[in-house]
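Protein chains in written order, with the numbering used here: chain A, 27 to 332; chain B, 111 to 798.
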Amino acid sequence: MSSVKKIADTLVERIGAILIGKDQEIRLALACLFARGHLLIEDLPGMGKTTLAQTLSAALGLSYTRIQFTSDLLPADIVGVSVYDRDNGSFEFHPGPVFSQVVLADEINRTTPKTQSALLEAMSEGQVTVEGETRQLPQPFFVIATQNPATQSGTFPLPESQLDRFLMRIKLGYPDPAAERKLLSGDDPRKKLNNLKASINELTLEKIQSQVSNVKAADSLIDYVQRLLQHTRALPQLDNGISPRGGMALLQCARAWALMDGRQYVIPEDVQACLEPVCGHRLSGAANDQEVTSLIQQILNSVDII
Amino acid sequence: MQPTWQTPRPALLWMLISVVTTLALHVRHLPLWLLGAAALTVLWQIQVYRGAWQYPAKYIKVLLTLLCFGGVLSSYGHLLGLEPMVAILVSGFSLKLLEIHHRRDALVLIYLAYFIIVIQCLFEQGIVTGLIVVLGVTIVTAALAGLYQSNHNNQTDSRGILGAWFRPFRSSAVIIMQSLPLMLVLFIVMPRVGALWAVPKEQGSGVVGVSDSMSPGDFSDLGGSSKVAFRVEFEGDIPAQSALYWRGLVFSDFDGRRWSQSGSWGYRDGSLLQWYGDKPEPWDSQATRRGDALTYQVTLEATNSPWLFALATPKPASQDVALTRDFRLYSKRPLSSKTQYRVKSWPDYNLEVSGLSSWRRKMELALPDGFNPETRAIAEQWRQESPDTVALLNRLLKLYNEEFIYTLKPPLLGKHTVDEFLWETKRGFCEFYASSFVFFARAAGIPARVVAGYQGGERHPSEDYLLVHQYDAHAWAEVWLEGRGWIRVDPTAAVAPERVEMSFADLFGENKDFLAGSLLSLERYRHINWINNLRLRLDALDYAWAKWVLGYGNMQTDLLTSILGRLDPLRVGLFLLAAGALAMLPVAVMSLLGQEKKYRDDLDKFFIQFCQRMERAGITRRPGEGPRDFAARIQSLRPDLADQVSSLTALYEQQRYNTATLDSRNLRLKELRLKLRRFRPYLRSKVT
């Protein structure tokens, strides 16, 4: 049990050495991975989104590809194409970049909905179908998508139904002054990244992932989660509350969070820590992100834990 | 394209029900076309909600508004007055249904509905009206509640779709029930302020009563109405039926066709009205009152006129009631609603016994020229034949008795009404007799006048009060005799003595044509015993309502004085507060008991206790703050408590959220209890 905590702490420490001052976000990203979800990072350019994704895959020792999404990217550029092989006289499939354990989908909202949906299908099914043949994606399969805020020009914002496929959405934000100073005075993080060694292997990761669902959620905790969900559905500021799928995702993340804290049971604080990353992008009706943050805070403050 | 706000479905349902209820309440005062128009707006709103139609364009709305104004104007002929105003309000109210774009529009509609429902109380104040108004207010509150329940909750209602529809009504009913005690307190304590403004109500619209003039024919309508005119409660026994002449108006002026009150009242000795409590006017001494007085309380239905009814010779015993120069009672305001007043009457009296001054004599003898020459000639002739006044009048009464027939359906009369009646048709009812008798007496040189009012009444068998109906309306004569003053003569009694001795209804009870106009009137079926009992029961209930609820204003001062000792603003205010708090206590207790249910088990109680102790020590757990966060906060604020708090929190957390240790639960509970007992964060010195 405590081994998971130790692993998590080590990972946070190593990744934190490169992405300075963002320990909380790193923890959330790890929790998302442990809970077998996909991660959406939303922020302005240059905040370290790509660095986080790269460091994460390097520290986990997983195969990694990066797809830079542009407006002229086609679905075939992601899933791959069959090319005629003159030697064999037959078509041979050339897998696209999606056939990798960690896929960084950079600036996913720059491309057209058609291409977006090709990736999103892969995310939800764990497989891709090319030319009538279904091909399994490697396991574990973890997509980290980054997105610029939709208000920027030339973007295709993801619709709600597709946002729902991401277990978590996190924001990085500006580093605090101390962290920024360290960043400015230190070496180039990219250099450090090349020296980063994997802390765990695939097997360990799979073990951790299967442990997550064994973390206990007591009746009174489920009561609390239900009260939270009910509360969001009754809020007049929101068009829609959190869906049952959102509730399941919340509990799953809280489990991963508890496990990373070295516990075999979930406590309300776990749920509270996960509420904004898991549910923030699932609440529609709020005008902007700041409103979502304050709304979530309001929900947390008004629903009692007992 | 304006942003459209969708009314929550149950709210719309209740809003439409409110509109229909509101209109149904006022169905009797509204023109038919307005009801049709309102139904159209309801339909329109339904179609808009279904998406079939659109809200009308602005110019159509303006057109509809103008049409409604025009319609009201043409229906009533004027805009001032209660009914036209209500009609305008109702048309605006229903047109509002055509522009529910935002929640605030719905709110305007709902607030208007409250107002329009309560307006009903200006028209009627009966017990049934009261209940209907409460129901209406509940329905409108349901619409208001529905407006604040979101769509999503409806789908998750455990009682299904029907439960969702009725949920607003349930909450509204609960709110109304909870507010009833407070309403009672306010009813008892709130000072009754007089009307701030008087609303002129349509004259004679559906309200029958004795009118302020009389020409033969008027009273035949009244004869058929079984509505209650007034009720009388005597202190002591009810006098005999034949003594119950309720004087309302005195007609001294005759223009050949119509009897009316003396023009500009014609009296010249002092003020015409002597208000209750004022110094007696000089003319008051003209009445000699002897013997014991009858004291009684009259509850008069709305008449829209100021005339009050009393036995001769009365003295008012209520505020705002005056004695008139001709010794009747008069109210300060026209009676737009049920009114109570007390009267003292002396049945043994003389009026103006000392003689009539010349102007008075002239007034009571005046006859119009060019009318009824035959009667005048015959009266002249009789006068010469028998100089004795009483003998002359008796001769006339004998004539009535021998040759005349009492009927409610007399033949029509031409120009010389008295001539034709006395010497040709010889058929008629009280007005005809009173009119001809007074005319004849005046022609013979005897001062006489017509008195209109009610005669008799029905004794309520169990409740000991007298019911006077509209069909008891009557007209009789008063003649002035030298040395005796004004004497009441009822010529109708000479023709049909039963009319006076029996109640009117008993007299005509067998006759199916009497009350033919009111098929549904219980009165019509009074020969069926149980229906008659039911009718009397209902009347007793209505009377009790009038006496104790509507008439409470009269008793309020006495009641509050007896409770509080003395009436001053401070005492009344404190009483209001205390009684209000007392009334709301059950509601508060219920809601507190409801809260208790949330805490499910011992473990939670421990945690609550823990939080309470921390609160005493000055650190309050925020709602939504988990045990671990709370413990961390305590540790940073009170490092001295760190050990205790962390072990308590850990124990609680284990118990609460780690179900694996369920087996050892009881043991752990004990441990928790012991630890908590020793936990006294507020006793700082001891702990540190």
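Backbone N, C-alpha and C fix where the C-beta goes; we use that ideal spot for every residue, glycine too.
Bridge partners - residue i, DSSP secondary structure assignment
i              : result
S323 (chain B) : B:S370
A717 (chain B) : The displayed chain sequence assigns Phe, not Ala, to residue 717 (chain B). Partner(s): none; F717 (chain B) has no beta bridge.
H188 (chain B) : In the DSSP output, where bridge partners are listed per residue, H188 (chain B) has none listed.
N460 (chain B) : B:T398
K242 (chain A) : A:Y291
H120 (chain A) : A:V107
M194 (chain A) : A:L65
R92 (chain A)  : A:L130
Proximal residues to residue i (C-beta, below 7 angstroms), its chain only, five neighbours per side dropped
i              : result
N664 (chain B) : Q450
Y575 (chain B) : R341, V342, E343, Y653
R40 (chain A)  : A85, L222, S225
V107 (chain A) : H120
W533 (chain B) : E484
K442 (chain B) : D430
T181 (chain A) : N135, R136, N174
CB contact below 8 angstroms: residue i versus chain B
i              : result
S246 (chain A) : yes
Y90 (chain A)  : no
S328 (chain A) : yes
E295 (chain A) : yes
V251 (chain A) : no
K31 (chain A)  : no
V241 (chain A) : no
Straight-line gap, residue i to residue j (C-alpha atoms, nearest Å)
i              : j              : result
P164 (chain A) : S126 (chain A) : 6 angstroms
E228 (chain A) : I234 (chain A) : 10 angstroms
F119 (chain A) : A204 (chain A) : 50 angstroms
Y762 (chain B) : E725 (chain B) : 18 angstroms
K197 (chain A) : G306 (chain A) : 11 angstroms
M473 (chain B) : D363 (chain B) : 8 angstroms
K425 (chain B) : W393 (chain B) : 14 angstroms
P215 (chain A) : G42 (chain A)  : 11 angstroms
A223 (chain B) : L241 (chain B) : 16 angstroms
G199 (chain A) : V38 (chain A)  : 18 angstroms
L309 (chain A) : A171 (chain A) : 19 angstroms
I322 (chain A) : P737 (chain B) : 19 angstroms
A216 (chain B) : L173 (chain B) : 22 angstroms
6 angstroms Cβ shell around residue i - same chain, five flanking residues per side excluded
i              : result
L477 (chain B) : R552
R452 (chain B) : Q407, A427, S428
D529 (chain B) : N482, E484, T485
G87 (chain A)  : A224, N227
L692 (chain B) : none
Of the residues the options, the one placed nearest residue i, counting alpha carbons only
i              : options                        : result
S467 (chain B) : B:A432, B:D365, B:W590, B:G567 : B:W590
P294 (chain A) : A:P270, A:T137, A:I248         : A:I248
S701 (chain B) : B:T131, B:Q288, B:L418, B:G566 : B:Q288
D103 (chain A) : A:T160, A:Q80, A:A275, A:A144  : A:A144
D315 (chain A) : A:K140, A:S97, A:D69           : A:D69
H570 (chain B) : B:I249, B:V342, B:G202, B:G246 : B:V342
L210 (chain A) : A:Y250, A:L45, A:K31, A:T91    : A:L45
R368 (chain B) : B:S321, B:K389, B:M694, B:V500 : B:S321
M347 (chain A) : A:S97, A:G272, A:E159, A:Y90   : What is shown of chain A runs 27 to 332, which leaves residue 347 (chain A) out entirely.
A682 (chain B) : B:T434, B:A350, B:V299, B:Q230 : Per the sequence presented here, residue 682 (chain B) reads as Val, with Ala not at that position. Per the Cα distances, B:V299.
R160 (chain B) : B:W492, B:L135, B:R119         : B:R119
V561 (chain B) : B:L577, B:G538, B:D600         : B:D600
L503 (chain B) : B:E588, B:A689, B:Q565, B:E345 : B:E588
L192 (chain B) : B:F233, B:F531, B:L793, B:R743 : B:F233
heavy atom of the ligand PLP below 7 angstroms from residue i C-beta
i              : result
Y792 (chain B) : Looking for the ligand PLP in the displayed structure turns up nothing, as the structure carries no ligands at all.
Neighbourhood of residue i by C-beta, 8 angstroms cutoff - its chain only, sequence neighbours within 5 removed
i              : result
D365 (chain B) : P478
S150 (chain A) : R191
I33 (chain A)  : S225, I226, T230, I234
Y440 (chain B) : L383, P416, W417, L418, V431, A432, L433, T434
CB contact below 8 angstroms: residue i versus chain A
i              : result
D714 (chain B) : yes
G734 (chain B) : yes
E343 (chain B) : no
D739 (chain B) : yes
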